[in-house]
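Below is one structure, written out as structure tokens, with a few remarks after it.
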Amino acid sequence: MQFEVWAPLTGHVAMRLDDEAYEMARDAERDGWWTVQAPASDGSRYGFLLDGDPVPRPDPRSRRLPDGPDGLSAVVDFALLPEPAAAAPGIPLQDAVLYELHIGTFTPEGTFDAAAARLGHLTALGVTHVELMPVCSFPGRHGWGYDGVAPWSVHEPYGGPAGLARFVEAAHAAGLGVVLDVVHNHLGPAGNHLPAYGPYFTETHHTPWGAAVNLDAAGSDEVRAFFLGSALAWLRDYGIDGLRLDAVHALADGRALTFLEELAAAVDELAAETGRPLFLIAESDRCDPHTTTPRAEGGLGLHAQWNDDFHHALHCALTGESHAYYADFAQAPLAALGKTLTRVFFHDGTWSSFRGRRHGRPVDRRRTPAHRFLGYTQTHDQIGNRALGDRLSASLSPGLLACAAAVALTGPFVPMLFMGEEWGAGTPWQYFTDHPDPELAEAVRTGRRREFAAHGWKAAKIPDPQDPATRDRSCLDWAEPEQPGHARLLAWYRTLVALRRSHPDLRDPDLAAVRVAYDEERRWLTFRRGDVRVAVNLSPEPVTIALGRNGVRVLAAWEPFEHPGADGRIHLPGESAVVLGP
Numbered sequence: 015m016q017f018e019v020w021a022p023l024t025g026h027v028a029m030r031l032d033d034e035a036y037e038m039a040r041d042a043e044r045d046g047w048w049t050v051q052a053p054a055s056d057g058s059r060y061g062f063l064l065d066g067d068p069v070p071r072p073d074p075r076s077r078r079l080p081d082g083p084d085g086l087s088a089v090v091d092f093a094l095l096p097e098p099a100a101a102a103p104g105i106p107l108q109d110a111v112l113y114e115l116h117i118g119t120f121t122p123e124g125t126f127d128a129a130a131a132r133l134g135h136l137t138a139l140g141v142t143h144v145e146l147m148p149v150c151s152f153p154g155r156h157g158w159g160y161d162g163v164a165p166w167s168v169h170e171p172y173g174g175p176a177g178l179a180r181f182v183e184a185a186h187a188a189g190l191g192v193v194l195d196v197v198h199n200h201l202g203p204a205g206n207h208l209p210a211y212g213p214y215f216t217e218t219h220h221t222p223w224g225a226a227v228n229l230d231a232a233g234s235d236e237v238r239a240f241f242l243g244s245a246l247a248w249l250r251d252y253g254i255d256g257l258r259l260d261a262v263h264a265l266a267d268g269r270a271l272t273f274l275e276e277l278a279a280a281v282d283e284l285a286a287e288t289g290r291p292l293f294l295i296a297e298s299d300r301c302d303p304h305t306t307t308p309r310a311e312g313g314l315g316l317h318a319q320w321n322d323d324f325h326h327a328l329h330c331a332l333t334g335e336s337h338a339y340y341a342d343f344a345q346a347p348l349a350a351l352g353k354t355l356t357r358v359f360f361h362d363g364t365w366s367s368f369r370g371r372r373h374g375r376p377v378d379r380r381r382t383p384a385h386r387f388l389g390y391t392q393t394h395d396q397i398g399n400r401a402l403g404d405r406l407s408a409s410l411s412p413g414l415l416a417c418a419a420a421v422a423l424t425g426p427f428v429p430m431l432f433m434g435e436e437w438g439a440g441t442p443w444q445y446f447t448d449h450p451d452p453e454l455a456e457a458v459r460t461g462r463r464r465e466f467a468a469h470g471w472k473a474a475k476i477p478d479p480q481d482p483a484t485r486d487r488s489c490l491d492w493a494e495p496e497q498p499g500h501a502r503l504l505a506w507y508r509t510l511v512a513l514r515r516s517h518p519d520l521r522d523p524d525l526a527a528v529r530v531a532y533d534e535e536r537r538w539l540t541f542r543r544g545d546v547r548v549a550v551n552l553s554p555e556p557v558t559i560a561l562g563r564n565g566v567r568v569l570a571a572w573e574p575f576e577h578p579g580a581d582g583r584i585h586l587p588g589e590s591a592v593v594l595g596p
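Right, here's the structure in full:
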């Protein structure tokens, strides 16, 4: 078996493989690369010795780290794992309903196998794709996954490579696609061995996490190849159907051909080669349609992006919150929501009081399909970055939760749910870590408390990220969906998902065809998508709304509802929603 490693900063490299030492030779054709042939098989442990250091370091391209990021790498023979790609359902984004899921808290066990055992819940719900939060290796057992340090590996406590392969195989067998969240903008603060090997980071740019990943300085060709290779490996070796790219606005990249364009081109090439509809979904706070404009038209060529503006407007309309970035949306939240439903971004070149400047760029609605954007009421960020990790269900009535679901699941954007929202989960989703280093653990704990103290929170109220109870509180309670109040909301979600999947008008990509009306004072909003009309009343008081059309039937109603009268008016109970169609 050939082992190789890019280590341009070193003058000597050796490999330790199952207690045997092997000298590595420079590759004559690839600058900075070292290679060696050695007998190995699935599970063989190995590491690299740099410049005489007696302690072996893991392979930057480790596929498995049985003892964590500071331990030895292990060989993975993918021929011994399931081939999940063979059964991939191939559902395109236009028809998708995504479900964001964290393996470590989806079940108390926190493993791929335990999550796979719950896939029947998702098929009954009707979603089409599971979006896994990051699964690459990080120190400790529990964490969100965004402090990963080995981008080619799979977190061992979740089940390692074999566990992920089994999960994808089970998801595909259930008719579900799998999207994986990957992080290219930084690595975690502990267990990162990449700087010992080469210029993976550069001081030319700085990010909230320190030195930037080197995408444009000397040595960046190999760094790009490293991250491109890891992205393609998830799609090729595990049969993953798409990738969610974390915070692409934080990628410092000054080259003419950007990393994101390279990645999009490589994924499109792999899709053509395999005949599978692979896609890339960006998280970006730029409010810039350039992110998802096809490369042939001068854009980056990613396939979709999260739309936080839609979330923020809907959140303000539901909760009345006005702090931090919500301030931009809080003055007239229904107007803001109406704008996002028809023009995608609230900030399309408008003034942002939160940023103190103009922000965003308009979307060309006649050329840009709606499935270039994801719409959601809750995400891991929007819940977990709150002081207490409280969900909407902690403060809103069931009726308002139903209204939120109606807007997201019948609106123009590809819907995404966050695990547990479909039954109004009573469990929070809090920020938790498991750093083995006591100093780092204390720094994280202190930093979290300091952050929220600036917003008036007392330190004692902020959950300790390092306390195992914080993670345990964040696990879903699978007894809840059977309880009456939760079961009613779950049935509502199932109805709305089924409507979206059965009514072509609700998947129509034409943004210019969306029509919206609202009353800010009386707190109602309606929108039309083809022959389907949706109305939500966020006020506790009943309202009468002129839809201007009769002869429609009720497709879904949260509260008992009479058909529109001959004058086309509807009488909508307080805190309720209705979907009407032909």
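In our numbering, the protein residues as written are 15 to 596. Where is the CB? At the ideal position from N, CA and C, for every residue including glycine.
Check, Outcome
"Using CA atoms only, rank isn't needed, just tell me which of Ala571, Ser553, Leu503 and Glu183 is closest to Leu139.", "Leu503"
"Cutting at 7 Å between CB atoms, please list the residues of its own chain near Trp365, excluding the five before and the five after it.", "Arg372"
"Assuming contact is defined by CB atoms lying nearer than 8 Å, are Val197 and Gly162 in contact in what I supplied?", "yes"
"From Asp322, Pro442, Ala331 and His220, pick the residue whose C-alpha is nearest to that of Leu388; which is it?", "Asp322"
"Just to confirm my understanding: we take Cys489, look at its own chain, exclude 5 residues before and 5 after, and list those with CB closer than 6 Å. What are they?", "Thr119 and Pro122"
"When the Cα atoms are used, what is the spatial distance from Ile117 to His469?", "31 Å"
"Residues in the same chain with beta-carbon distance under 7 Å from Pro473, minus the five sequence neighbours each way, listed in chain order, please.", "For the record, residue 473 in the displayed sequence is Ala; it is not Pro. Result list for Ala473: Arg463 and Ala467, in chain order."
"Would you call Leu94 buried or exposed, if buried means 16 or more other Cβ atoms sit within 10 Å of its Cβ?", "exposed"
"Using the three-state DSSP reduction, which class does Gly205 fall into: helix, strand or coil?", "coil"
"Taking the beta strand (DSSP E) that His469 belongs to, which residues open and close that run?", "Where His469 is concerned, there is no enclosing beta strand (DSSP E), given that its DSSP letter is neither H nor E."
"Which whole-angstrom value is the C-beta distance of Thr424 and Val548, which I expect to be below 8 Å?", "5 Å"
"His500 by DSSP, collapsed to three states: which one?", "helix"
"Straight-line CA distance for Glu494 to Glu573?", "22 Å"
"Please confirm whether Pro426 and Leu510 have their CB atoms less than 8 Å apart.", "no"
"Can you say whether His326 is buried or exposed, counting buried as having 16 or more other CB atoms within 10 angstroms of its CB?", "buried"
"Pop quiz: Glu535 and Cys417 are said to be a contact at Cβ under 8 Å. What is the actual Cβ separation, rounded to whole angstroms?", "Going by Cβ atoms, the distance from Glu535 to Cys417 rounds to 17 Å, so no, they are not a contact pair."
"So what's Arg375 in DSSP terms, helix, strand or just coil?", "coil"
"Please state whether the Cβ-Cβ distance between Thr137 and Gly104 is less than 8 Å.", "no"
"Take Leu294 as the anchor and find which of Tyr339, Trp248, Asp533 and Arg459 has the nearest alpha-carbon.", "Trp248"
"With a threshold of 7 Å on Cβ separation, who are the neighbours of Tyr507 within its own chain once the five nearest residues in sequence on each side are excluded?", "Leu139, Ala419 and Glu436"
"Tell me whether Phe62 sits in a helix, a strand or coil according to DSSP, three-state version.", "strand"
"When DSSP labels each residue in this structure, what does Ser234 get in the three-state scheme?", "helix"
"Please report the distance separating the alpha-carbon of Tyr532 from that of Pro518.", "24 Å"
"So, helix, strand or coil for Pro429, using DSSP?", "strand"
"Starting from the N-terminal side, write out each stretch of the alpha helix (DSSP H) that is 4 residues or longer and does not extend beyond the segment 327-400.", "341-344, 347-357 and 394-398"
"For Tyr113, which of helix, strand or coil comes out of DSSP?", "strand"
"Among the residues of its own chain, which have a CB less than 6 Å from the CB of Arg386, if the five just before and after it don't count?", "Thr306 and Ala318"
"Just confirm the distance between the C-beta atoms of Pro578 and Val566, as a whole number of angstroms; I'd bet it's less than 8 Å.", "6 Å"
"Do you know whose CA, among Thr24, Tyr36 and His156, lies nearest Met15's CA?", "Tyr36"
"Give the list of continuous beta strand (DSSP E) stretches no shorter than 3 residues that lie fully inside the segment 562-588.", "567-571 and 583-586"
"By the 10 Å Cβ neighbour count, where 16 or more other Cβ atoms means buried, how is Leu31 classified, buried or exposed?", "buried"
"Which whole-angstrom value describes the C-beta separation of Gly173 and Thr142, a residue pair presumed to lie in contact below a C-beta threshold of 8 Å?", "The Cβ separation is near 24 Å, so there is no contact."
"Using 8 Å as the threshold, is the C-beta distance between Ala129 and His186 below it?", "no"
"Does DSSP classify Asp195 as helix, strand or coil?", "strand"
"Could you check which residue in Cys330, Pro383 and Asp362 has the C-alpha nearest to that of Leu410?", "Cys330"
"Looking only at its own chain, which residues have a Cβ that is under 7 Å from the Cβ of Gln392, when we skip the five neighbours before and after it?", "Arg405, Leu406, Phe432 and Glu435"
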